[in-house]
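**Student:** The listed protein sequences correspond, in order, to chains D and E.
With the first letter of the first sequence counted as 1, position 65 gets the number 107 in our numbering; the numbers rise by one all the way through.
With the first letter of the second sequence counted as 1, position 408 gets the number 416 in our numbering; the numbers rise by one all the way through.
All C-beta atoms in this analysis are idealised placements derived from N, C-alpha and C, irrespective of residue type, glycine included.
Every value quoted in this text rests on a predicted model; they were computed, and no experiment measured them.
Here it is, the structure, as structure tokens.
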Amino acid sequence: MKIKVIVSVIVSAVLVLACTVGPIAATLIYESYLTRDLTAEIITRSPEKGNYSPRFLSVPVGEKVKLRIRNVDTVVHGFAIPALQVDAGEIKAGHSVTLEFTPEKIGKYDFYCTVWCSEHHLQMRGVLEVTAQ
Amino acid sequence: MPEQNNQQQKLLGLIPLNWRFDLTSVPGVRWLLKRRWFPMIAILINMLVFMIILTSGIMGGFSSGNYSFGVMIVWILWWVMLMMFLVPVLSRTWCMICPLPSFGEWLQRLRIFGVNNKLRGLNLKWPRRLRNMWVMNFLFLGTTFFSGFFTVKPLATFFLLGGIIALGIVLSLIFEKRSFCLYVCPVSGFQGLYANMAMTEIRVKDPNICAKHKNKTCETGNKNGYGCPWLLQPHSFERNTYCGMCLECFKTCPFDNMAFNLRPPGPDLLVNKGRGLDEAFKGFIMLGIAVMFYVAMMGPWGGIKEWVRGATLRGWLSFVGVHTVFCLVLIPGIFLVTAWLSKLASGQKEVSLKTVFVNLSYCIIPLGLAAWIAFSFGFLLPNASYILHIISDPFSRGWNLVGTANFPWTPVATGWLIPLQFITLLVGYLVSADFGYKLVCQTYADPAAAKRGFIPLLVFLTLVIISFGWLYGG
């Protein structure tokens with residue numbers, strides 16, 4: 043009888059934890075696995091709602107860069123670094139795009155939104171700095 | 009027509025309202041309903057989904073609602089399932105598997121699957137004056153003031169659901185059993201109202217067995233289960249309104265005397281017991297909200313959309329004011345005039361206006377439910393395809409769990425939208441008129457008076473259906 047009660051308590055506790063903390067833990071573990079080799083994540087919002095975040099990035103020359111661009115806004119945005127021939131195309135609201143490239147030259151490169159997203163669209167830009175190793 | 013009891017009446021003159029099929033006569037169903045782990049296992053699975061919804065409210069960014077797991081599951085999938093299937097077919101089955109009050113209930117019981125009838129917490133009685141639907145009426149109406157946020161912003165949905173869970177826990181520690189579900193939960197009230205139209209019910213098989221049973225274990229509980237958590241008397245159920253279908257009475261009944269019946273829709277509307285102004289106003293409020301939601305979300309009036317989404321405080325306050333007056337004053341006011349005209353036409357002075365008002369108000373329930381089903385078609389068909397995206401990428405992190413993250417937005421059968429809405433509304437109108445006539449016959453003893461008293465009610469229902477027709481088709 044006592045063993046039955048103990049087993050019942052353990053099973054109940056495991057089930058409740060699995061259905062409450064479980065999804066949160068699984069989400070965090072899976073997300074950290076997917077982003078294990080990510081250089082940076084850039085959040086996109088229209089300039090009046092916060093602009094790119096971060097707007098300045100520094101990466102070493104000659105090393106692979108992996109960027110995830112997350113559009114958390116309610117409108118379509120874009121992301122491009124023309125000098126490095128990087129273009130994510132249109133990123134719909136609620137979507138993410140992952141880009142990989144290797145900058146070969148030291149310098150400062152502008153990135154900006156390629157979709158007319160608001161009346162402040164032209165201010166939606168940032169800088170990627172490529173530095174010596 | 010002389011007043012007939014439920015045993016003799018037919019829905020639309022076709023289906024006998026006393027037809028029943030007890031699903032527990034199927035051995036597997038009976039076995040399932042008597043297990044202690046059911047419906048708890050379903051609640052736990054549902055809780056897992058709700059945790060993903062809550063997590064998506066925080067982790068899912070602040071993007072537009074149609075790419076948010078929380079917004080899509082709660083306001084598209086859940087709402088549509090609730091209005092189009094769960095409530096009209098399975099009564100309050102949602103309450104059976106709802107995870108929101110579970111934390112509070114577990115704290116009361118200190119058990120999850122087992123039975124412990126010595127409940128913890130203060131176990132206070134709910135205030136007598138509030139033992140009705142009024143709190144739920146105002147809370148649900150109040151919730152709709154923020155519909156422009158909940159249906160768009162994932163974080164707002166997180167706060168709404170989180171708030172309901174927190175309130176459920178606090179009230180469960182103060183008041184007895186499911187007082188929160190019975191008197192407070194905003195989702196509970198309208199489910200109870202529309203569950204009167206449901207095609208299933210929990211009732212006793214043989215009332216004589218209950219009459220002879222002195223212990224009434226369905227109320228008090230025993231080693232097999234809890235006394236009715238909804239503070240009801242399962243041995244004398246006549247309406248679905250307040251039964252949360254927790255199935256405890258199936259477990260506690262020593263005579264196996266509880267039935268889970270299939271039935272035609274609507275016989276509870278004719279139960280002349282337990283009716284009140286609170287339930288009548290729930291019907292008006294739900295009808296009013298169905299109209300206002302359509303106007304705000306699907307209508308062509310951009311200015312009203314700006315009001316609802318709170319572009320300016322003044323605009324939002326205007327929406328709150330107009331919405332409140334429409335639901336609490338205008339619709340009930342027009343119906344009061346209808347009831348007064350009905351009484352006048354009937355010539356039955358001995359029947360009070362309040363009785364006429366309350367009794368006849370139950371006939372708008374089928375039309376109200378139909379309006380909600382028609383409204384639900386309006387966002388199900390254009391938006392359902394977003395669900396394929398959000399189940400693959402629930403937190404807007406670029407995941408592709410089941411390979412459907414890039415499934416494009418694909419409206420489905422939208423050419424059929426307006427015909428479907430019109431057919432639904434027409435069925436609702438016919439059923440409302442049918443029950444309206446039955447209710448008039450119940451209210452006025454004299455058949456000739458009933459026929460005269462039905463005319464203003466039919467005019468009211470016809471004006472409502474014409475208004476909906478103009479709104480949906482025009």
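Buried or exposed for Lys-247 (chain E), please, with buried defined as at least 16 other CB atoms from any protein chain shown within 10 angstroms of its CB.
**Tutor:** Reading off the sequence shown, one finds Arg at residue 247 (chain E), where the question assumed Lys. Burial call: buried.
**Student:** Taking the C-alpha atoms as reference points, what is the distance between Phe-29 (chain E) and Pro-272 (chain E)?
**Tutor:** Rounded to the nearest angstrom, the two C-alpha atoms are 10 Å apart.
**Student:** Look at the Cβ atom of Met-104 (chain E), then the Cβ atom of Pro-374 (chain E), and state whether they are nearer than 9 Å.
**Tutor:** Cβ atoms of Met-104 (chain E) and Pro-374 (chain E): not closer than 9 Å.
**Student:** Who are the Cβ neighbours of Arg-283 (chain E) in its own chain at under 8 Å, not counting the five residues just before and after it?
**Tutor:** Only Val-366, Asn-367 and Tyr-370 meet the Cβ criterion.
**Student:** Report yes or no: is there a C-beta of chain E within less than 9 Å of the C-beta of Tyr-72 (chain D)?
**Tutor:** So, interface residue.
**Student:** Check each residue of the segment 381-404 of chain E: if its Cβ is closer than 7 Å to any Cβ of chain D, include it; give the result in chain order.
**Tutor:** Answer in chain order: Phe-403 and Ser-404.
**Student:** Does DSSP put Thr-140 (chain D) in a helix, a strand or coil?
**Tutor:** In the structure shown, Thr-140 (chain D) sits in a strand (DSSP, three-state: E or B).
**Student:** Between Met-6 (chain E) and chain D, is the shortest Cβ-Cβ distance under 9 Å, so that the two count as touching?
**Tutor:** Since the first and last residues shown for chain E are 9 and 482, residue 6 (chain E) lies out of range.
**Student:** Under three-state DSSP, which class holds Tyr-394 (chain E)?
**Tutor:** The answer is helix: DSSP assigns Tyr-394 (chain E) an H, G or I state.
**Student:** Compile a chain-ordered list of the residues in the segment 125-151 of chain D whose CB is closer than 9 Å to at least one CB of chain E.
**Tutor:** Within the segment 125-151 of chain D, the qualifying residues are Lys-134, Ala-135, Gly-136, His-137, Ser-138, Val-139 and Thr-140.
**Student:** Quick check: the Cα distance between Leu-336 (chain E) and Thr-363 (chain E), rounded to an integer number of angstroms?
**Tutor:** Those two C-alpha atoms are separated by around 19 Å.
**Student:** In terms of DSSP beta bridges, what is Ala-267 (chain E) paired with?
**Tutor:** Paired residues: E:Arg-211.
**Student:** Against chain D, does Arg-119 (chain E) count as a neighbour if the rule is that its beta carbon must be under 9 Å from one of theirs?
**Tutor:** So yes, Arg-119 (chain E) belongs to the interface.
**Student:** Name the chain D residues that come within less than 7 Å of Met-55 (chain E), Cβ to Cβ?
**Tutor:** What Met-55 (chain E) touches in chain D: Cys-61 and Thr-62.
**Student:** What are the boundary residues of the beta strand (DSSP E) that includes Thr-32 (chain E)?
**Tutor:** Taken as a continuous stretch (DSSP letters only), Thr-32 (chain E) belongs to no beta strand (DSSP E), as it is neither H nor E.
**Student:** Tell me whether Leu-25 (chain E) is buried or exposed, calling it buried when 16 or more other Cβ atoms sit within 10 Å of its Cβ.
**Tutor:** Its Cβ being crowded by 16 or more others within 10 Å, Leu-25 (chain E) is buried.
**Student:** Helix, strand or coil for Ala-206 (chain E) per DSSP?
**Tutor:** Coil.
**Student:** Can you tell me where the alpha helix (DSSP H) holding Thr-332 (chain E) begins and where it ends?
**Tutor:** Start and end: 321-333.
**Student:** Report back the beta-carbon spacing between Lys-42 (chain E) and Val-123 (chain E) to the nearest angstrom; my notes put them in contact at under 8 Å.
**Tutor:** At roughly 13 Å, the Cβ-Cβ gap does not stay under 8 Å, so Lys-42 (chain E) and Val-123 (chain E) are not in contact.
**Student:** Look at the alpha carbon of Cys-261 (chain E) and the alpha carbon of Phe-121 (chain E), and state the distance between them as a whole number of angstroms.
**Tutor:** Near 18 Å, if we compare the C-alpha coordinates of Phe-121 (chain E) and Cys-261 (chain E).
**Student:** Quickly, what does DSSP pair Arg-167 (chain D) with across the bridge? List them, please.
**Tutor:** Partner(s): D:Tyr-154.
**Student:** Should Lys-185 (chain E) and Cys-236 (chain E) be called a contact, given that it needs their Cβ atoms to be closer than 9 Å?
**Tutor:** Result yes, Cβ atoms of Lys-185 (chain E) and Cys-236 (chain E) sit closer than 9 Å.
**Student:** Would Leu-447 (chain E) pass as a contact of Leu-278 (chain E) if the rule is Cβ separation under 9 Å?
**Tutor:** Result yes, Cβ atoms of Leu-447 (chain E) and Leu-278 (chain E) sit closer than 9 Å.
**Student:** What residue range is occupied by the uninterrupted alpha helix (DSSP H) comprising Phe-430 (chain E)?
**Tutor:** That run of the alpha helix (DSSP H) goes 425-451.
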